[in-house]
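J.:
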């Protein structure tokens, strides 16, 4: 019984280690979120194995750290299932190897076809457009407030007469502040995109 339990623990720890590694380097997320036909087939295969394991009781047994026969019946204490465990472990490792290869292929294909670059470019454009829309909304609100309070009319009158009014100074300061804010926001956006590119490059390197 002790050997059986130890074998099951080793199987669980090995599977957990492989899945955690795939998750940490991004391959698991890339695979599950991809639209590749081979990945879809793999997902259906994995789902089939999980469904079968659930139906015959092996999944519950693994979660409860018990040993259950593939047919669904429980094994009495002392019965050996070393061969079955070895087969399950070999099958799991084979499926995970297929998962790694298909994830690597999907990522490499995305890079070669330019889809990865397209996604990063689209993300950058979306962020930049959001920043521009925000600045436009802020400028419109400031202009509306200045119009309603009469400050805009005073500023225009002062400019026409060649006088520098306090309102003009405030408007200039507001404009400079917005420009500084925009510059800072764009720098932050560039930094985020650089991190995203680095992460994608590291994921490709790890997958390869």
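In the numbering used here, the protein residues as written are 482 to 689. C-beta atoms are modelled at their ideal positions from N, C-alpha and C, and glycine is treated no differently. Bear in mind the structure is a predicted one, so any value in this text is a computation, not a measurement.
To the nearest whole angstrom, what separates the beta carbons of residue 601 and residue 682, a pair I think is in contact under 8 Å?
T.: Their Cβ separation, rounded to whole angstroms, is 10 Å, which puts residue 601 and residue 682 out of contact at 8 Å.
J.: Look up residue 627 in the DSSP assignment and say whether it is helix, strand or coil.
T.: helix
J.: So, at 7 Å on beta carbons, what are the nonlocal neighbours of residue 577 in its own chain, with the 5 sequence-adjacent residues on each side left out?
T.: Around residue 577, the same chain offers 499 as residues with beta carbons nearer than 7 Å, after the five sequence neighbours per side are excluded.
J.: Does the Cβ-Cβ distance between residue 674 and residue 604 come in under 9 Å?
T.: yes
J.: What does the Cβ neighbour count give for residue 667, buried or exposed, with the cut at 16 atoms within 10 Å?
T.: exposed
J.: Is it true that the CB of residue 583 sits closer than 9 Å to the CB of residue 495?
T.: no
J.: Can you check which of these residues, 636, 594, 595, 664, is closest to residue 613 by C-alpha distance?
T.: 664
J.: Is residue 572 helix, strand or coil by DSSP?
T.: helix
J.: Let's test the definition: count the other Cβ atoms within 10 Å of the Cβ of residue 636 and tell me whether it reaches 16, buried, or not, exposed.
T.: buried
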